[in-house]
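Here the structure comes first, spelled out in structure tokens, and everything after it is commentary.
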Amino acid sequence: MTTKDYDAAAEWAETEMTLPKNSATARRGDQAAAYGKTVLERALGGRPSIDPDAAPGQHSKVRQVRLSQAVNDQLEAIAHHQHRRTSDVMRDALAEYLSTHSGR
Numbered sequence: 254m255t256t257k258d259y260d261a262a263a264e265w266a267e268t269e270m271t272l273p274k275n276s277a278t279a280r281r282g283d284q285a286a287a288y289g290k291t292v293l294e295r296a297l298g299g300r301p302s303i304d305p306d307a308a309p310g311q312h313s314k315v316r317q318v319r320l321s322q323a324v325n326d327q328l329e330a331i332a333h334h335q336h337r338r339t340s341d342v343m344r345d346a347l348a349e350y351l352s353t354h355s356g357r
């Protein structure tokens with residue numbers, strides 16, 4: 254599919270396509286997004302687990318942090334230098350910090 258074909262299909266889907274009002278299969282909005290996510294996860298098998306002891310289907314916990322620009326720049330530089338994702342660098346840094354400070 255060319256970019257032109259894709260753009261034409263996207264334009265049609267966004268402006269001209271109509272879904273039946275009482276369809277049992279048509280999904281809209283959040284319901285459509287959730288269904289699409291479920292279909293993709295099934296097709297792709299989801300993300301690989303980062304915990305070797307996790308049970309099948311168990312999801313890893315997610316934590317978010319805010320970073321100063323300087324810390325973010327250092328993180329990206331290290332990840333780039335090591336050919337790794339920033340999340341992998343952060344995970345290793347946190348594990349090292351917790352190991353050092355947990356008293357074990």
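Terminal number for the sequence shown in the numbering used here: 357, no gaps in between.
For each residue, glycine too, the CB sits at the ideal point set by N, CA and C.
Where do the N-terminal and C-terminal ends of the alpha helix (DSSP H) with residue i fall, by residue?
i    : result
R289 : Before going further, note that residue 289 is Gly rather than Arg in the sequence given. G282 to L297 is the extent of the alpha helix (DSSP H) around G289.
Who are the near neighbours of residue i in its chain, counting only those whose CB is closer than 7 Å to its CB and skipping five residues on each side?
i    : result
V315 : none
Cutting at 8 Å between CB atoms, please list the residues of its own chain near residue i, excluding the five before and the five after it.
i    : result
L328 : L320, T339, V342 and M343
Q322 : none
Q335 : V342
Given residue i, which residues of its chain have a CB within under 6 Å of its CB, disregarding the five upstream and five downstream residues?
i    : result
L272 : A279
Any chance the CB of residue i is under 7 Å from a heavy atom of the ligand MN?
i    : result
M254 : As presented, the structure is devoid of all ligands, the ligand MN included, so that no description of it is given.
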